[in-house]
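In my numbering, the protein residues as written are -17 to 63. Every residue, glycine too, gets a C-beta built ideally from N, C-alpha and C. For clarity, every value in this text was computed on a predicted model and none was experimentally measured.
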Amino acid sequence: GRRSCFASEPRVNMLLEAKSPCGCCVVEIPVCIPACCLDAPCVTGRDGLFGREIVNYVWKCGFRVKVVFDRHGDAVVHYLD
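The following block contains the structure:
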């Protein structure tokens, strides 16, 4: 399946940009993605529970990253390959 394909791909480091929860600036989030996902991702955002902000990044190859900002502005990266 897709998961095993991503697992065998070499990885590259990149910075994703996201608007900070306070809306005052753009923050850079370091991620490590499969080398086959170098196109620009589709970016969507929504409000989560407990004051969290959630930003989803989806590449054409199907690889996904979810960034969750807590109410203090700290970001946690979730890889959803």
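Distance between beta carbons of residue j and residue i, contact taken as under 8 Å
i, j, result
"Ala0", "Val37", "5 Å"
"Phe45", "Pro12", "Not really, about 16 Å apart at Cβ, beyond 8 Å."
"Cys14", "Asn(-5)", "5 Å"
Residue from the options with nearest C-alpha to residue i
i, options, result
"Cys43", "Ala57, Asp29, Cys18", "Cys18"
"Val50", "Pro3, Cys14, Cys7, Asp21", "Pro3"
"Gly30", "Arg53, Trp41, Val8", "Arg53"
Where the beta strand (DSSP E) through residue i begins and ends
i, result
"Glu(-1)", "-7 to 1"
"Phe103", "A query on residue 103 cannot be resolved here, the shown segment of the chain reaching from -17 to 63 and no further."
Euclidean distance between Cα positions of residue i and residue j
i, j, result
"Asp21", "Trp41", "7 Å"
"Gly55", "Phe(-12)", "30 Å"
"Ile32", "Leu62", "Here the sequence assigns Phe to residue 32, which means Ile is not the residue at that position. Using only the alpha carbons, I get a separation of about 22 Å."
Contacting residues, own chain, Cβ-Cβ under 7 Å from residue i (five flanking each side not counted)
i, result
"Leu(-3)", "Glu10, Ile11, Pro12"
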